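Enquirer: Got a structure for you, written out below as structure tokens; questions coming shortly.
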Amino acid sequence: MLAIVVSATGGPEVLTYTDHPDPELNPGDVLVDIAAAGVNFIDVYQRMGRYPLSLPFVPGNEGAGTVAAVGEDVRDLSVGDTVAWAGVMGSYAERTVVPASRLLSVPDGVTADLAAAVMLQGMTAHYLTHSTYEVKPGDDVLVHAAAGGMGLLLTQIAKLRGARVIGTVSTEEKEKLARQAGADEVLRYAGFSEAVRELTGSGVHVVYDGVGAATFDGSIASLRPRGMMALYGQASGPVAPVDPQTLHQHGSLFLTRPTLAHYVADRDELVWRASDLFNWIASGQLKVHISHRYPLAEAARAHEDLEARRTTGKLLLIP
Ligand SMILES: NC(=O)c1ccc[n+]([C@@H]2O[C@H](COP(=O)([O-])OP(=O)(O)OC[C@H]3O[C@@H](n4cnc5c(N)ncnc54)[C@H](OP(=O)(O)O)[C@@H]3O)[C@@H](O)[C@H]2O)c1
Numbered sequence: 179m180l181a182i183v184v185s186a187t188g189g190p191e192v193l194t195y196t197d198h199p200d201p202e203l204n205p206g207d208v209l210v211d212i213a214a215a216g217v218n219f220i221d222v223y224q225r226m227g228r229y230p231l232s233l234p235f236v237p238g239n240e241g242a243g244t245v246a247a248v249g250e251d252v253r254d255l256s257v258g259d260t261v262a263w264a265g266v267m268g269s270y271a272e273r274t275v276v277p278a279s280r281l282l283s284v285p286d287g288v289t290a291d292l293a294a295a296v297m298l299q300g301m302t303a304h305y306l307t308h309s310t311y312e313v314k315p316g317d318d319v320l321v322h323a324a325a326g327g328m329g330l331l332l333t334q335i336a337k338l339r340g341a342r343v344i345g346t347v348s349t350e351e352k353e354k355l356a357r358q359a360g361a362d363e364v365l366r367y368a369g370f371s372e373a374v375r376e377l378t379g380s381g382v383h384v385v386y387d388g389v390g391a392a393t394f395d396g397s398i399a400s401l402r403p404r405g406m407m408a409l410y411g412q413a414s415g416p417v418a419p420v421d422p423q424t425l426h427q428h429g430s431l432f433l434t435r436p437t438l439a440h441y442v443a444d445r446d447e448l449v450w451r452a453s454d455l456f457n458w459i460a461s462g463q464l465k466v467h468i469s470h471r472y473p474l475a476e477a478a479r480a481h482e483d484l485e486a487r488r489t490t491g492k493l494l495l496i497p
């Protein structure tokens, strides 16, 4: 098959489109013909070596497609079913194997493209708003990079839960998208914590910060006493070590650095999050903004665009 292979970590140029052996099907696995692979920031960190993996590897942490074969222990999936997954490597390829325990059946009314676009970021937005900090009606919520893949989903899901959403973005075009997604207030990054204080008085209940180094201090300063700092990513770079006294000084704050794997390890939790997303999409409550579809061969261009902040919403690779 054809796949993107990383043999040495580095810039986007290390994403090599090449022949690669077909994956091996073990008894609990499912072989999938990939319809679309989602591009995520974690793919960039893994490509750079910031999250080390053994080399060579096929990148890609989510996708959707059609079941081509099932291992001998697999009972509840059949050839021809549409399935989706997140958190299993190897989706930048024509085919991949995924353990059946990690697969979701995609219902009618949700296309494979939409499923691929929403698995990783959508389940992340779900756990952040339902489990890391349970957003309640009337809460003030700050979402950084509100027009990004995560940002547009977080904004919509926080609105579904009745919050007032304040977003940050870098451009006017991104501001428009964030507002379309339901953001009540949209700020630029410069002086955002002062602007948040003006809007809220005592600060926000929760900050969803996937930008990291550039926003961390301002995020802490935007929280009300006993607020929750959910640092879920580092698109601008890793955050420097934090003195716990900072949390005391800013009002008995909570700081967490969550990751999807720990919120979908249990099969029931995985199914709960994915089902909510599929239902919201089918009923029109959640709009998935797929801004770019790249041929698989152009994965490097997708990474360049994502890292240069040129993208909004979701990027897909199509084998
Ligand atoms: N912990 C988890 O479970 C989990 C799961 C999924 C994603 N994430 C994290 O969520 C974050 C967003 O991921 P995504 O895939 O949805 O990407 P994205 O938000 O679509 O793209 C990143 C955005 O971050 C903003 N940004 C600010 N400073 C930046 C910089 N120096 N370089 C690049 N971007 C910068 C940009 O928006 P503006 O131009 O508007 O600033 C950019 O568009 C990432 O940190 C990712 O690791 C975490």
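In my numbering, the protein residues as written are 179 to 497. Heads up, the beta-carbon is just placed ideally off N, CA and C, and yes, glycines get one too. If you're wondering where the values come from, they're calculated on a predicted model, not measured in any experiment.
At the level of alpha carbons, what is the spacing between leucine 330 and serine 380?
Expert: 25 Å
Enquirer: Looking only at its own chain, which residues have a Cβ that is under 7 Å from the Cβ of arginine 487, when we skip the five neighbours before and after it?
Expert: The residues are Ser348.
Enquirer: Please work out which residues of its chain come closer than 6 Å, Cβ to Cβ, to tryptophan 458, disregarding the five sequence neighbours upstream and downstream, and give them in chain order.
Expert: Leu464
Enquirer: Under 7 Å Cβ to Cβ from glycine 396, same chain only, skipping five residues before and after it: list those, please.
Expert: Phe370, Ser371
Enquirer: Going by DSSP, what residues sit across from proline 277 in a beta bridge?
Expert: DSSP, once it has assigned bridges, lists Asp207 as partnering proline 277.
Enquirer: Select from Gly415, Val417, Leu401 the residue whose C-alpha is nearest the C-alpha of leucine 425.
Expert: Leu401
Enquirer: Buried or exposed: where does threonine 196 fall if 16 or more other Cβ atoms within 10 Å of its Cβ makes it buried?
Expert: exposed
Enquirer: Quick test of the definition: if touching needs 3 or more C-beta pairs under 8 Å, does the region 211-221 touch the region 292-303?
Expert: A contact exists between the region 211-221 and the region 292-303.
Enquirer: Indicate, with yes or no, if ligand 1 has a heavy atom lying under 7 Å from the CB of serine 348.
Expert: yes
Enquirer: Going by the CB atoms, is the gap between threonine 274 and glycine 265 shorter than 8 Å?
Expert: no
Enquirer: Could you check where the alpha helix (DSSP H) with leucine 320 kicks off and where it finishes?
Expert: Segment 318-321 is the beta strand (DSSP E) holding leucine 320; no alpha helix (DSSP H) there.
Enquirer: Does the beta-carbon of glutamine 299 have 16 or more other beta-carbons within 10 angstroms, so that it is buried, or is it exposed?
Expert: buried
Enquirer: For leucine 443, is the classification buried or exposed, using 16 other Cβ atoms within 10 angstroms of its Cβ as the cut-off for buried?
Expert: Note on residue identity: the sequence assigns alanine, not leucine, to residue 443. Exposed is the call here.
Enquirer: Look at the alpha carbon of methionine 301 and the alpha carbon of proline 199, and state the distance between them as a whole number of angstroms.
Expert: Roughly 31 Å separates the two Cα atoms.
Enquirer: Which runs of the beta strand (DSSP E), 3 residues or longer, sit entirely within the region 192-262?
Expert: 194-197, 207-217, 240-248
Enquirer: From what residue to what residue does the alpha helix (DSSP H) around threonine 346 run?
Expert: Per DSSP, threonine 346 belongs to no alpha helix (DSSP H); it is in the beta strand (DSSP E), 342-346.
Enquirer: Which of the three DSSP states, helix, strand or coil, is assigned to threonine 434?
Expert: strand
Enquirer: When the Cα atoms are used, what is the spatial distance from proline 416 to glycine 388?
Expert: 10 Å
Enquirer: What residue range does the beta strand (DSSP E) around lysine 492 cover?
Expert: 492-496
Enquirer: If distances are taken between C-alpha atoms only, which option among Glu353, Ser430, Ile182, Lys337 comes closest to threonine 489?
Expert: Glu353
Enquirer: Who are the Cβ neighbours of methionine 328 in its own chain at under 7 Å, not counting the five residues just before and after it?
Expert: Gln299, Thr302, Ala303, Gly388
Enquirer: Relative to the C-alpha of arginine 435, which residue among Gln334, Gly360, Ala408 is closest?
Expert: Ala408
Enquirer: Quick one: is the Cβ of isoleucine 212 within less than 7 Å of any heavy atom of ligand 1?
Expert: no
Enquirer: Give the secondary structure of alanine 460 by DSSP, where H, G and I count as helix, E and B as strand, and everything else as coil.
Expert: Helix.
Enquirer: Using DSSP's beta-bridge definition, name the partner residues of alanine 264.
Expert: Glu240
Enquirer: Counting beta carbon pairs with one atom in the region 329-344 and one in the region 218-226, are three or more of them shorter than 8 Å?
Expert: no
Enquirer: Per DSSP, which residues does arginine 471 bridge with? Please list them.
Expert: Leu494
Enquirer: Classify lysine 314: buried if its beta carbon has 16 or more other beta carbons within 10 angstroms, exposed otherwise.
Expert: exposed
Enquirer: Starting from the Cα of alanine 392, find the closest Cα among Glu447, Arg366, Val382 and give me that residue.
Expert: If we check each option's Cα against that of alanine 392, Arg366 comes out closest.
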